[in-house]
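Novice: Residue numbers (my numbering), protein chains in the order written: chain A, 608 to 703; chain B, 52 to 166; chain C, 39 to 197; chain D, 26 to 552.
The beta carbon of each residue, even a glycine, is placed where N, CA and C say it ideally should be.
These figures come from a predicted structure and were not determined experimentally.
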Amino acid sequence: MNRKNGITVCIIAIIAVVLIYAQSGISFGDPVYQDMDQYFLLNGQVQTGGNNICTDVVFDFRAFDTLGEATVLFTAVMGVIVIFRRLMKGEEYEAE
Amino acid sequence: MNGIETLTTGFGFWNPIFWVAGFVIALIITWIIWRRGEATYNTSPSSTGPFLSGNAEPQPGEIHVPGGNLYWGFTQALERYYAVIKPLHTGNLADYMLWYMGITAIMLILVVMVP
Amino acid sequence: MKQSNIVRITADIMFPFIMIFGAYVVLHGHLTPGGGFQGGAVMASGVVLLLIAHCDKDIKTLIPTQILKNVETFGLLLFGLSALAAVILGSGFFTNWLVNTGLLFGTPVEYGPNPGYLNTGGVIPVMNIAVGLEVLAALSVIAVIMFRSTEPDCGGEEQ
Amino acid sequence: MTGMDLFANLPGLLLAVPLIFAFATPLIGRYLPRARDGWVLLGMVLTTVIGLLIASAVFTGGTVAYTFGVPDPSVTVPPDSGGIPVRIIFNIDAMSAFMVVIAVVTGLCVMLYSLSAASRSSGKDGYYTLFLLLVAGVLGMVCTGDLFNFFVFLEIASLAGAALVAFRVDKGIAIEAGLKYAMLSTIGGLFFLLGVALLFGQYNTLNIAFLAERMGTTGLTTPDAVALVLFVTALAMKCGAVPMHFWAPDAYAMAPAAVTAFLVVSSQASLYALFRICFSLYGQTLNTVLLGWFIIILGLLSMFIGVTMAILQKDVKRLMAYHAVSQTGYMLLGVGVGLAVLSSPLLLSNFGMMAMEGGIFHIMNHAFYKGLLFLTAGVIFYRCGTRNLNDLGGLGHSMKWTMLFFIIGALAIAGIPPFNGFASKLMIYESVFSFNPLLSIIAMVVSILTLASFVKVFHSIFMGPKRPEFADVTEAPLPMLFGMGVLSILVILFGIFPEQVVEVMVAPAASALADQAGYIGSVMGGA
Numbered sequence: 608m609n610r611k612n613g614i615t616v617c618i619i620a621i622i623a624v625v626l627i628y629a630q631s632g633i634s635f636g637d638p639v640y641q642d643m644d645q646y647f648l649l650n651g652q653v654q655t656g657g658n659n660i661c662t663d664v665v666f667d668f669r670a671f672d673t674l675g676e677a678t679v680l681f682t683a684v685m686g687v688i689v690i691f692r693r694l695m696k697g698e699e700y701e702a703e
Numbered sequence: 052m053n054g055i056e057t058l059t060t061g062f063g064f065w066n067p068i069f070w071v072a073g074f075v076i077a078l079i080i081t082w083i084i085w086r087r088g089e090a091t092y093n094t095s096p097s098s099t100g101p102f103l104s105g106n107a108e109p110q111p112g113e114i115h116v117p118g119g120n121l122y123w124g125f126t127q128a129l130e131r132y133y134a135v136i137k138p139l140h141t142g143n144l145a146d147y148m149l150w151y152m153g154i155t156a157i158m159l160i161l162v163v164m165v166p
Numbered sequence: 039m040k041q042s043n044i045v046r047i048t049a050d051i052m053f054p055f056i057m058i059f060g061a062y063v064v065l066h067g068h069l070t071p072g073g074g075f076q077g078g079a080v081m082a083s084g085v086v087l088l089l090i091a092h093c094d095k096d097i098k099t100l101i102p103t104q105i106l107k108n109v110e111t112f113g114l115l116l117f118g119l120s121a122l123a124a125v126i127l128g129s130g131f132f133t134n135w136l137v138n139t140g141l142l143f144g145t146p147v148e149y150g151p152n153p154g155y156l157n158t159g160g161v162i163p164v165m166n167i168a169v170g171l172e173v174l175a176a177l178s179v180i181a182v183i184m185f186r187s188t189e190p191d192c193g194g195e196e197q
Numbered sequence: 026m027t028g029m030d031l032f033a034n035l036p037g038l039l040l041a042v043p044l045i046f047a048f049a050t051p052l053i054g055r056y057l058p059r060a061r062d063g064w065v066l067l068g069m070v071l072t073t074v075i076g077l078l079i080a081s082a083v084f085t086g087g088t089v090a091y092t093f094g095v096p097d098p099s100v101t102v103p104p105d106s107g108g109i110p111v112r113i114i115f116n117i118d119a120m121s122a123f124m125v126v127i128a129v130v131t132g133l134c135v136m137l138y139s140l141s142a143a144s145r146s147s148g149k150d151g152y153y154t155l156f157l158l159l160v161a162g163v164l165g166m167v168c169t170g171d172l173f174n175f176f177v178f179l180e181i182a183s184l185a186g187a188a189l190v191a192f193r194v195d196k197g198i199a200i201e202a203g204l205k206y207a208m209l210s211t212i213g214g215l216f217f218l219l220g221v222a223l224l225f226g227q228y229n230t231l232n233i234a235f236l237a238e239r240m241g242t243t244g245l246t247t248p249d250a251v252a253l254v255l256f257v258t259a260l261a262m263k264c265g266a267v268p269m270h271f272w273a274p275d276a277y278a279m280a281p282a283a284v285t286a287f288l289v290v291s292s293q294a295s296l297y298a299l300f301r302i303c304f305s306l307y308g309q310t311l312n313t314v315l316l317g318w319f320i321i322i323l324g325l326l327s328m329f330i331g332v333t334m335a336i337l338q339k340d341v342k343r344l345m346a347y348h349a350v351s352q353t354g355y356m357l358l359g360v361g362v363g364l365a366v367l368s369s370p371l372l373l374s375n376f377g378m379m380a381m382e383g384g385i386f387h388i389m390n391h392a393f394y395k396g397l398l399f400l401t402a403g404v405i406f407y408r409c410g411t412r413n414l415n416d417l418g419g420l421g422h423s424m425k426w427t428m429l430f431f432i433i434g435a436l437a438i439a440g441i442p443p444f445n446g447f448a449s450k451l452m453i454y455e456s457v458f459s460f461n462p463l464l465s466i467i468a469m470v471v472s473i474l475t476l477a478s479f480v481k482v483f484h485s486i487f488m489g490p491k492r493p494e495f496a497d498v499t500e501a502p503l504p505m506l507f508g509m510g511v512l513s514i515l516v517i518l519f520g521i522f523p524e525q526v527v528e529v530m531v532a533p534a535a536s537a538l539a540d541q542a543g544y545i546g547s548v549m550g551g552a
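1) Whose Cβ in chain A lies nearer than 7 Å to the Cβ of T155 (chain B)?
2) Quick one: measure Cβ to Cβ for G186 (chain D) and L159 (chain D), integer angstroms, because I've assumed they're closer than 8 Å.
3) Of the choices C:G77, C:G144, C:N152, whose alpha-carbon is the least far from that of F159 (chain C)?
4) Relative to the C-alpha of I180 (chain C), which residue among C:A82, C:R46, C:Q76, C:G73 is closest?
5) Give the residues of chain G in contact with V616 (chain A), contact being defined as C-beta atoms less than 8 Å apart.
6) Among the residues of its own chain, which have a CB less than 6 Å from the CB of L209 (chain D), if the five just before and after it don't count?
7) Can you find a CB in chain A that lies within less than 8 Å of the CB of V163 (chain B)?
8) Cβ of P51 (chain D) less than 8 Å from any chain C Cβ?
9) For a quick check, are the C-beta atoms of A365 (chain D) and S351 (chain D) less than 8 Å apart?
10) Give me the Cα-Cα distance between G651 (chain A) and I167 (chain C), rounded to the nearest whole angstrom.
11) Tell me whether A90 (chain D) sits in a helix, a strand or coil according to DSSP, three-state version.
12) If you run the structure through DSSP and keep just helix, strand and coil, what is N390 (chain D)?
13) Whose C-beta lies closer than 7 Å to the C-beta of G440 (chain D) among residues of the same chain, with five residues either side of it excluded?
14) Could you list which residues in chain A have their beta carbon closer than 7 Å to that of N134 (chain C), in chain order?
15) Leaving aside the five residues before and after L573 (chain D) along the sequence, list all residues of the same chain whose C-beta is less than 8 Å from its C-beta, in chain order.
16) Just list the residues that DSSP pairs N106 (chain B) with in beta bridges.
17) Return the residues of the segment 133–153 of chain B that lie within a Cβ-Cβ distance of less than 7 Å from chain A, sorted by chain order.
18) Nearest by alpha-carbon distance to D497 (chain D): which of D:G410, D:A532, D:G550 is it?
19) For L44 (chain D) versus G113 (chain C), is the C-beta spacing smaller than 8 Å?
20) Just to confirm, are L237 (chain D) and Q541 (chain D) a CB contact at a threshold of 8 Å?
21) Please determine, among D:A143, D:F176, D:A402, the residue with the shortest C-alpha to C-alpha distance to G675 (chain A).
22) Measure how close the beta-carbons of I127 (chain D) and I388 (chain D) come, nearest whole angstrom, since I'm counting them as under 8 Å.
23) In chain C, what lies closer than 8 Å to V687 (chain A) by C-beta?
24) Under 8 Å, Cβ to Cβ, is there at least one residue of chain B near I545 (chain D)?
25) Taking Cβ positions, are F671 (chain A) and E110 (chain C) nearer each other than 8 Å?
26) With respect to the beta strand (DSSP E) encompassing I633 (chain A), which residues constitute its N-terminal and C-terminal limits?
27) Please check if any C-beta of chain C sits within less than 8 Å of the C-beta of P58 (chain D).
28) Evaluate contact between the segment 633–646 of chain A and the segment 143–151 of chain D, counting only Cβ atoms and requiring at least three cross-stretch pairs below 8 Å.
29) Cβ of T655 (chain A) within 8 Å of Cβ of N157 (chain C)?
30) Keeping to the same chain, check which residues put their C-beta closer than 8 Å to that of G265 (chain D); ignore five residues upstream and five downstream.
31) At a CB distance below 9 Å, what residues from the segment 55–71 of chain C approach chain A? Give them in sequence order.
32) Alpha carbon to alpha carbon, how far is A259 (chain D) from A276 (chain D)?
33) Mind checking which residues open and close the beta strand (DSSP E) that includes I117 (chain D)?
34) With 8 Å as the threshold, decide whether the Cβ of W70 (chain B) is near any Cβ in chain D.
35) Consult DSSP for L106 (chain C) and reduce its assignment to one of helix, strand or coil.
36) Tell me where the alpha helix (DSSP H) around W85 (chain B) begins and ends.
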């Protein structure tokens, strides 16, 4: 058991160190390429009519992703409804 | 044969027509062998039925051969292999996670160390 | 377990304010920070507050699950159909077909600072409202069902 | 609305139809319960028609790029953006179209089967909703040309799959299996998202084609390599490659059989994404030999450990689940060989393309015959109420059609001619043999063991005298037989006419996968 805990700690440490090392290669706040961000800032307000560029990106430029995220939430709700439908009723087995 | 074409793999080929032809030829050979057999062979149960030390043969339905251990000999032969492999399938979510993270960690080391 | 009167009355008083604040965040999503997800979560927190304060009452009559489910479906269908309407109007899926038309949410906007006009943004406010309703209902349904299922005397979810 | 507009918007509708039908299903199930079965079937049929239309358009006219949110969806790069694609783009090339065909055909068969298989369960609204969402998730995963969009659909498919695994609560065992699937999928998805973030932070775009172009100009940086590892391990785990396969037997065994048949397709969508990222995103930028060998080793381990574990099993569906792991190994082996020789045009044209075609063809064949096998296992459980091989027996007397379908599926998975498994396995054996004979020999040994374990299943379930406890077992209901029948006809047809399938669908898919410049050009315009 102790050996497994040691391995777990080692693995997590390795992943953390490598990820920190990897992201240190990217300059935060000053990316090499900025063209897509600039496009949103310059054209977002006029093209979509919204003052809030975040919402413009989320609901216009990437609205399809937002539909996907809303679907994820809907999936979670359906999952909860399905799983809890008989947990409390004492019926334990169900034929396929 | 338009429609049934040969699947060429670059090294060999596969054509269902040839396969069917081979199947038919095998059937014909079987039939020839069967024809050459002894026609007067006694097919009554007294000569083909199992001889169970003089005991009555059990009715069909009384015998059930469970399939679970059909390859007992095979698993015995690979006992040492299975002794390693089987305990890995613990059914414990933490172990599953550990394997996934472990492979990720090994690959990360490989990628960062080997340029 | 019965909560004290202070908790119950405070929850009752807070509930409309939380809902109004959430609705504000949803409706002004295209002008100020926030949007459908954030405002919906705020409104759902109001429902959960009500749930906690009145847990001794019959939750079925307090918060009808079926209405919440219908609201959720309505929100998602509004989202999907407002995106699909663009296809019916002859352009691509998810095109912002209301913007700069001068109709509902269609006032054109100039580049640069402005005081923030509510009647802008095209389908963005429509989708914000749709997502707001969906998130409100979805989070509330999850909370209500899990809460009801863990109460031993309340019984499971009706199907 | 003109017909042209509708046709140009088919890729959008491919996702819109299952999603909107899924959203409305709870409402219809509540207020018009009689119309529900027809509603979900209509949704699935519409999705199938749209998917097949798109696939035929792609196979005849080349890659279809579809941009979301612009008046003309075929314009991928806005004229005023300075040559960068800013919106979400569906980039459906031959490989994606190939996966779409698999998903819609299997989905339709499984839906037909479900109409009677789920008739005894409660919570059918949730079942059908989640199934449509799973179909939508898989279709989104295989169509999208955008990394974050892929992550979103990965989440949808994972959550819907996990909820469906837990659908039969079954004393909580199914919920445990669903929880394992959900946890591993979520952790894998989050690592994937971390990789996406590493790429986005450097290149300021999420479009796969544009990322590939920018990565080609700057060369492979350390964050790129780390992101590649995160992608590859997360997707290899999601497709059930050994040694990250442990969730697969648990989840496949506890899910309803119809769901399992589609979960196989869901896993293969992850496999597709693994190939897509290795070939189209990283492609020539990195040392493909090392990555190719990593995938080959994963494939070998999957094949061998999967089949040897399968031989031990006493639960029909668990046994088949280990075979699913084992068959995934063939696909990894075939495409891994193609990846290992990608940088050498001579070797690629000698045997690399053939190996890739074999591996890709095997994806389709596996989806069909493994779907068929899981459906027959579901019929047996539906009629007999047990999946234990030791209790079953003598069902061949009363379930003749099921037995026939099982034989077809079992012979196909073992690679016996003239079924479809043989065609793709032949392609893999012969091409891998010229890469490295040892790999090919191992693949053949695994095939023999596969046949052996299916002989065991066949013997235990169908052979022997009729058992008294199953005396009143009758043949499966008609919709179930119909769903299985369609799949088995496909299995036989693809075995008899493999060359046509390879020419029309598999070879374009393989060359689309190997052709990174073509993939970039389809979005960015010009190669």
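Specialist: In terms of the structure at hand:
1) Position 104 of the second sequence, counted from the first residue, corresponds to residue 155 (chain B). Within 7 Å Cβ-Cβ: I622.
2) By one-based count along the fourth sequence, residue 186 (chain D) stands at place 161. By one-based count along the fourth sequence, residue 159 (chain D) stands at place 134. The Cβ separation is near 6 Å, so the contact holds.
3) The residue labelled residue 159 (chain C) in the question sits at position 121 within the third sequence. One point to set straight first is that residue 159 (chain C) is Gly, not Phe, in the sequence displayed. Comparing Cα-Cα distances from G159 (chain C) to each of C:G77, C:G144, C:N152, the minimum goes to C:G144.
4) Mapped onto the third sequence, residue 180 (chain C) falls at position 142. Of the listed residues, the one whose Cα sits closest to I180 (chain C) is C:A82.
5) In the structure shown, chain G cannot be found, because the protein chains are A, B, C and D.
6) On the fourth sequence, residue 209 (chain D) is found 184 positions in, with the first residue counted as 1. Hits under 6 Å: W272.
7) Numbered from 1 along the second sequence, position 112 holds the residue referred to as residue 163 (chain B). Closer than 8 Å to some Cβ of chain A, the Cβ of V163 (chain B) qualifies, so yes.
8) Translated into the one-based positions of the fourth sequence, residue 51 (chain D) becomes position 26. Contacts with chain C at 8 Å (Cβ-Cβ) include P51 (chain D).
9) Here the question's residue 365 (chain D) lines up with position 340 in the fourth sequence. Here the question's residue 351 (chain D) lines up with position 326 in the fourth sequence. No. Outside cutoff.
10) One-based indexing of the first sequence puts residue 651 (chain A) at position 44. One-based indexing of the third sequence puts residue 167 (chain C) at position 129. Their backbone Cα atoms lie some 20 Å apart in a straight line.
11) Residue numbering aside, residue 90 (chain D) sits at position 65 when the fourth sequence is read from its first letter. Strand at A90 (chain D).
12) Taking the first residue of the fourth sequence as position 1, residue 390 (chain D) is located at position 365. Helix, per DSSP.
13) Here residue 440 (chain D) corresponds to residue number 415 of the fourth sequence, with the count starting at 1. Here the set comprises G446, F447, K450, S472.
14) Counting from 1 along the third sequence, the entry for residue 134 (chain C) is found at position 96. Going along chain A in sequence order, the residues near N134 (chain C) (Cβ under 7 Å) are T655, D667.
15) Chain D is shown from 26 up to 552; residue 573 (chain D) falls before or after that span and cannot be answered.
16) Sequence index remark: in the second sequence, residue 106 (chain B) carries index 55 (1-based). Partner(s): B:L103.
17) If the cut-off is 7 Å between Cβ atoms, the segment 133–153 of chain B has L149, M152, G153 near chain A.
18) Position 472 of the fourth sequence, counted from the start, is the residue given in the question as residue 497 (chain D). Cα-wise, what sits closest to D497 (chain D) is D:G410.
19) Here residue 44 (chain D) is taken as the residue at index 19 of the fourth sequence, counted from 1. Here residue 113 (chain C) is taken as the residue at index 75 of the third sequence, counted from 1. No, the Cβ-Cβ distance between L44 (chain D) and G113 (chain C) is not below 8 Å.
20) Counted from its first residue, the fourth sequence places residue 237 (chain D) at position 212. Counted from its first residue, the fourth sequence places residue 541 (chain D) at position 516. According to the sequence provided, residue 237 (chain D) is Ala. The question's Leu does not apply to it. Taking 8 Å as the Cβ cut-off, A237 (chain D) and Q541 (chain D) qualify as a contacting pair.
21) Here residue 675 (chain A) is taken as the residue at index 68 of the first sequence, counted from 1. In terms of CA proximity to G675 (chain A), D:F176 leads the group D:A143, D:F176, D:A402.
22) One-based indexing of the fourth sequence puts residue 127 (chain D) at position 102. One-based indexing of the fourth sequence puts residue 388 (chain D) at position 363. That belief holds up - the Cβ atoms of I127 (chain D) and I388 (chain D) are roughly 7 Å apart, short of 8 Å.
23) If you number the first sequence from 1, residue 687 (chain A) lands on position 80. Neighbours of V687 (chain A) on chain C, chain order: V179, I180, I183, M184.
24) Counted from its first residue, the fourth sequence places residue 545 (chain D) at position 520. It does not; no Cβ of chain B falls within 8 Å.
25) One-based indexing of the first sequence puts residue 671 (chain A) at position 64. One-based indexing of the third sequence puts residue 110 (chain C) at position 72. Their beta carbons are not under 8 Å apart, which means F671 (chain A) does not touch E110 (chain C) by this criterion.
26) Here residue 633 (chain A) is taken as the residue at index 26 of the first sequence, counted from 1. I633 (chain A) -> no beta strand (DSSP E), and no H or E assigned at all.
27) Counting from one through the fourth sequence, the residue named residue 58 (chain D) turns up at place 33. No, P58 (chain D) does not count as interfacial toward chain C.
28) No: the two stretches stay apart, fewer than three of their Cβ pairs being nearer than 8 Å.
29) As a position in the first sequence, residue 655 (chain A) is number 48, starting the count at 1. As a position in the third sequence, residue 157 (chain C) is number 119, starting the count at 1. Taking 8 Å as the Cβ cut-off, T655 (chain A) and N157 (chain C) do not qualify as a contacting pair.
30) Sequence index remark: in the fourth sequence, residue 265 (chain D) carries index 240 (1-based). Closer than 8 Å at Cβ, skipping near neighbours: W272, A273, S292, S327, A349, V350, T353.
31) H66, G67, H68, L69, T70, P71
32) Counted from its first residue, the fourth sequence places residue 259 (chain D) at position 234. Counted from its first residue, the fourth sequence places residue 276 (chain D) at position 251. Cα to Cα, A259 (chain D) sits roughly 17 Å from A276 (chain D).
33) The sequence position of residue 117 (chain D) within the fourth sequence is 92, counting from 1. Unbroken beta strand (DSSP E) run through I117 (chain D): 114–117.
34) The count along the second sequence starts at 1 and reaches residue 70 (chain B) at position 19. Chain D, which has a Cβ nearer than 8 Å to the Cβ of W70 (chain B), makes this yes.
35) Walking along the third sequence from the start, residue 106 (chain C) turns up at place 68. Of the three classes helix, strand and coil, the one that applies to L106 (chain C) here is helix, per DSSP.
36) Sequence index remark: in the second sequence, residue 85 (chain B) carries index 34 (1-based). First-last of the alpha helix (DSSP H) with W85 (chain B): 67–86.
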